[in-house]
Amino acid sequence: MKHDPQYIYAVGEGFGLSSAKNSALTQVNEQLWTQVNSSFMQSVEHRTHNDTEFNRETIKNRMIVESARLVLSGAEFLNTDKNERTYYAQVRVKRDAIKQQLNNELDQIEQNAIRLINEYQYQDKLTWWLANQDYSVTLAEYYLRLAILDSMGQKRSFSSSVNKVTRTVSQVKSSLLIYIKADAKDVKSADLVVQSFNPEEIKTTQRWSNAVTHQLVMDSDYRRNRVGDAYITTKLTQITLKNRTGKTLASNEIISTANSMSNFKLSHEGAERHFGQQVEDMGIWSSLGFK
Numbered sequence: 000m001k002h003d004p005q006y007i008y009a010v011g012e013g014f015g016l017s018s019a020k021n022s023a024l025t026q027v028n029e030q031l032w033t034q035v036n037s038s039f040m041q042s043v044e045h046r047t048h049n050d051t052e053f054n055r056e057t058i059k060n061r062m063i064v065e066s067a068r069l070v071l072s073g074a075e076f077l078n079t080d081k082n083e084r085t086y087y088a089q090v091r092v093k094r095d096a097i098k099q100q101l102n103n104e105l106d107q108i109e110q111n112a113i114r115l116i117n118e119y120q121y122q123d124k125l126t127w128w129l130a131n132q133d134y135s136v137t138l139a140e141y142y143l144r145l146a147i148l149d150s151m152g153q154k155r156s157f158s159s160s161v162n163k164v165t166r167t168v169s170q171v172k173s174s175l176l177i178y179i180k181a182d183a184k185d186v187k188s189a190d191l192v193v194q195s196f197n198p199e200e201i202k203t204t205q206r207w208s209n210a211v212t213h214q215l216v217m218d219s220d221y222r223r224n225r226v227g228d229a230y231i232t233t234k235l236t237q238i239t240l241k242n243r244t245g246k247t248l249a250s251n252e253i254i255s256t257a258n259s260m261s262n263f264k265l266s267h268e269g270a271e272r273h274f275g276q277q278v279e280d281m282g283i284w285s286s287l288g289f290k
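Heads up: the sequence shown begins at 0 in numbering that gives the first Met the number 0, then just goes up one per residue.
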């Protein structure tokens with residue numbers, strides 16, 4: 000069968016017709032990705048040169064992942080066949096249809112970037128960052144579509160709005176400083192909260208300063224009880240995250256408990272460890288009350 004140059008063709012195989020068709024579509028995606036030239040990726044490297052959040056390798060790896068997930072509309076299956084247990088499917092997708100789809104999706108990403116920038120003007124910076132901390136995924140989707148268009152002969156300029164969101168996500172993260180405010184009886188618990196923030200690379204402090212952007216208030220009530228020979232401590236901790244002006248952004252109560260056969264000091268320490276374990280299990284943001 001003669002191939003029309005206006006289309007991209009591929010053949011897939013699988014143990015079922017559905018898997019054969021999916022395989023064929025995957026082959027189309029792989030063709031599109033392999034056509035992305037190195038010069039475009041060099042431009043990606045130039046844009047992300049000084050950005051640890053969105054470095055070239057991270058974006059490239061995510062582009063590879065997103066290329067496999069790309070769902071092309073307008074796919075036309077020409078032939079299907081079965082040879083013993085193996086199914087085969089031939090597909091073609093019109094190049095102009097691919098371009099139109101990619102341009103539409105790029106328009107959506109750019110419009111969303113404008114919306115995010117507008118929201119940034121009036122939204123709390125931490126909550127805005129939380130909602131957009133994974134923007135590198137969107138950026139990879141954006142670059143992928145630009146790259147494929149570039150390989151198909153259409154050069155589309157990079158959106159300043161997308162660039163601004165990318166830059167702002169990094170800047171906000173580096174500017175955050177959370178003041179952990181806890182009573183003297185909660186020293187260990189406060190340290191455990193600090194440890195939970197470390198993997199997020201969010202700076203914390205246990206001293207107030209003008210650089211503080213948010214405060215996390217820990218208000219704990221320790222209840223002691225003797226049951227037989229056991230010393231039982233139950234710790235009720237109200238955690239409240241506030242912005243610099245004192246507005247509550249999130250709150251949650253965590254109940255932890257421990258017992259000791261020796262004394263209340265040990266059960267107190269155990270209740271704090273149980274508190275820390277719950278924070279670790281839930282993740283720092285969920286433990287603060289963010290959904």
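Don't be surprised by glycine CBs; every beta carbon is placed ideally from N, CA and C.
Remember, predicted model here, so these are calculated numbers, not experimental data.
C-beta contact flag for alanine 270 and lysine 234 at 8 Å = Counted from its first residue, the sequence shown places residue 270 at position 271. Counted from its first residue, the sequence shown places residue 234 at position 235. In this structure, lysine 234 lies closer than 8 Å to alanine 270 by Cβ.
Alpha-carbon spacing of threonine 25 relative to valine 171, whole angstroms | On the sequence shown, position 26 is the one that residue 25 refers to. On the sequence shown, position 172 is the one that residue 171 refers to. Rounded to whole angstroms, threonine 25 to valine 171 spans 37 Å at the Cα level.
Would histidine 48 be called buried (16 or more neighbouring beta carbons within 10 Å of its own) or exposed?
-> Against the sequence shown, residue 48 aligns to sequence position 49. Residue placement at histidine 48 is flagged as unreliable, the pLDDT there being 49, under the threshold of 50; the coordinate-derived value follows with that caveat. Label assigned to histidine 48: exposed.
Does the beta carbon of serine 174 come closer than 8 Å to any beta carbon on chain D?
-> No chain D is part of this structure, which consists of one protein chain only.
Would you kindly work out how many angstroms separate the C-alpha atoms of aspartate 123 and arginine 206, rounded to a whole number?
-> For this step, residue 123 is matched to residue 124 along the sequence shown. For this step, residue 206 is matched to residue 207 along the sequence shown. If you draw a straight line from the Cα of aspartate 123 to the Cα of arginine 206, it comes to about 22 Å.
Alpha carbon to alpha carbon, how far is asparagine 102 from threonine 256? Give it in angstroms, no decimals.
-> Taking the sequence shown and counting its residues from 1, the one referred to as residue 256 is at position 257. Taking the sequence shown and counting its residues from 1, the one referred to as residue 102 is at position 103. Whole-angstrom Cα-Cα distance: 56 Å.
May I ask which residues mark the beginning and end of the alpha helix (DSSP H) holding leucine 16?
-> Here the question's residue 16 lines up with position 17 in the sequence shown. Residue range 16-33 is occupied by the alpha helix (DSSP H) that includes leucine 16.
Three-state secondary structure (DSSP) at lysine 154?
-> Within the sequence shown, residue 154 is the residue found at index 155, counting from 1. Lysine 154 falls in the coil class under three-state DSSP.
In the structure shown, what three-state DSSP assignment does histidine 48 receive?
-> Within the sequence shown, the letter at position 49 stands for residue 48. Residue confidence for histidine 48 is low, a pLDDT of 49 falling below 50, so the modelled location carries little weight; the figure read from the coordinates is stated next. For histidine 48, the secondary structure class from DSSP, reduced to helix, strand or coil, is coil.
Check whether the segment 215-229 touches the segment 173-185, counting contact only when three or more Cβ pairs, one atom from each stretch, lie closer than 8 Å.
-> Two segments are said to touch when three or more pairs of C-beta atoms, one from each, lie closer than 8 Å; by this definition the segment 215-229 touches the segment 173-185.
Taking aspartate 80 as the reference, give the member of Ile283, Gln89 and Gln99 with the closest Cα.
-> For the purposes of this step, residue 80 is taken as residue 81 along the sequence shown, with counting starting at 1. With distances taken between Cα atoms, aspartate 80 lies closest to Gln89.
Within 10 angstroms of the Cβ of serine 17, are there 16 or more other Cβ atoms? Answer buried if so, exposed if not.
-> Position 18 of the sequence shown, counting from 1, holds the residue named residue 17. Residue environment for serine 17: exposed (fewer than 16 other C-beta atoms within 10 angstroms of its C-beta).
Inter-residue spacing [alpha-carbon to alpha-carbon] between alanine 96 and serine 72 | Here residue 96 refers to the residue found at position 97 when the sequence shown is read from its first residue. Here residue 72 refers to the residue found at position 73 when the sequence shown is read from its first residue. Alanine 96 and serine 72: Cα-Cα distance of roughly 8 Å.
Name the two residues that bound the continuous alpha helix (DSSP H) containing aspartate 106.
-> Reading the sequence shown from its first residue, position 107 is the one you call residue 106. Membership of aspartate 106 in the alpha helix (DSSP H) is indicated by the continuous run 94-121.
Could you please give me the residues that DSSP links to asparagine 222 through a beta bridge?
-> Numbered from its first residue, the sequence shown carries residue 222 at position 223. For the record, residue 222 in the displayed sequence is arginine; it is not asparagine. According to DSSP, arginine 222 bridges with Thr233.
Element boundaries [alpha helix (DSSP H), containing serine 169] | By one-based count along the sequence shown, residue 169 stands at place 170. Residues 159-174.
From this set, Ser208, Leu125 and Tyr141, which residue's C-alpha is nearest asparagine 111's C-alpha?
-> For the purposes of this step, residue 111 is identified with residue 112 of the sequence shown, where counting begins at 1. The residue with the shortest Cα to Cα distance from asparagine 111 is Tyr141.
Contact under 8 Å by Cβ, arginine 225 with serine 135 = Position 226 of the sequence shown, counting from 1, holds the residue named residue 225. Position 136 of the sequence shown, counting from 1, holds the residue named residue 135. If you check the CB distance, arginine 225 and serine 135 do not come in under 8 Å.
Thinking serine 22 and leucine 143 are a contact (beta carbons under 8 Å), I'd like their distance in whole angstroms, please.
-> As a working mapping, residue 22 is identified with position 23 in the sequence shown. As a working mapping, residue 143 is identified with position 144 in the sequence shown. In this structure, serine 22 and leucine 143 do not form a Cβ contact; the two beta carbons are roughly 20 Å apart against a cut-off of 8 Å.
Starting from lysine 187, trace the alpha helix (DSSP H) both ways and give me its first and last residue.
-> For the purposes of this step, residue 187 is taken as the residue at position 188 of the sequence shown. That run of the alpha helix (DSSP H) goes 186-196.
C-alpha gap between asparagine 78 and leucine 145, whole angstroms = Here residue 78 corresponds to residue number 79 of the sequence shown, with the count starting at 1. Here residue 145 corresponds to residue number 146 of the sequence shown, with the count starting at 1. About 31 Å.
Taking only the alpha-carbon atoms, compute the straight-line gap between valine 64 and asparagine 262 and give it to the nearest angstrom.
-> Against the sequence shown, residue 64 aligns to sequence position 65. Against the sequence shown, residue 262 aligns to sequence position 263. Roughly 55 Å between the two C-alpha positions.
Residue range of the beta strand (DSSP E) that glycine 11 falls in?
-> As a working mapping, residue 11 is identified with position 12 in the sequence shown. Segment 6-13, the beta strand (DSSP E) holding glycine 11.
Are valine 92 and leucine 191 closer than 8 Å when you measure CB to CB?
-> The residue labelled residue 92 in the question sits at position 93 within the sequence shown. The residue labelled residue 191 in the question sits at position 192 within the sequence shown. In this structure, leucine 191 does not lie closer than 8 Å to valine 92 by Cβ.
Report yes or no: do the segment 192-205 and the segment 160-170 share at least 3 C-beta pairs separated by less than 8 Å?
-> Too few Cβ pairs lie closer than 8 Å, so no.
Closest by C-alpha distance to arginine 84, when choosing among Gln120, Gly245 and Gly13 | Stepping through the sequence shown from its first residue, residue 84 is reached at position 85. Checking every option, the nearest Cα to that of arginine 84 belongs to Gly13.
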